[in-house]
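Counting from 1, position 9 in the sequence shown corresponds to residue 9 in full-length UniProt numbering; the numbering is continuous, with no gaps. Beta carbons are placed, not taken as given, at the ideal position from N, Cα and C, and that holds for glycine. Quick caveat: nothing in here was measured; it's all calculated off a predicted structure. Heads up, the thing below is written out as structure tokens.
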Amino acid sequence: MLVLTRKLMEKLFIGDDICVTVVRLEGGQVRLGIEAPREIAVVRAELVPERRAITQKASARPLVGIRAGAGASAGTEIRSQSVGAHGIGNRRPGRSQ
């Protein structure tokens, strides 16, 4: 494990694509800002077991193809994807505040 000391608004990079910034220090807590490509999952440690369970359930059952209704071209399929509690797998578009 690498242990680093950073001050407020200092950054560290993981590889070329991930940047971690110390955004706020308050009491015994540190608030971090993480910039990463969308294809890289950023998940709190306590949610990892839940995320694995959701992934295992999703891979165990096949996705159901549903033909799209009005406004979609013929033959277009919409695939359902389960999203767990806490919005796992959901990132908002654009930069976070």
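Counting along the chain, I14 sits inside the beta strand (DSSP E) bounded by residues 11 to 14. By the criterion of a C-beta distance shorter than 8 angstroms, I40 is surrounded in its chain by D17, I18, once the five residues flanking it on both sides are discounted.
Under the three-state reduction of DSSP, V48 is assigned to helix. Among the bridge pairs identified by DSSP, V22 is matched with L32.
In the three-state scheme derived from DSSP, where H, G and I count as helix and E and B as strand, I40 is classed as coil.
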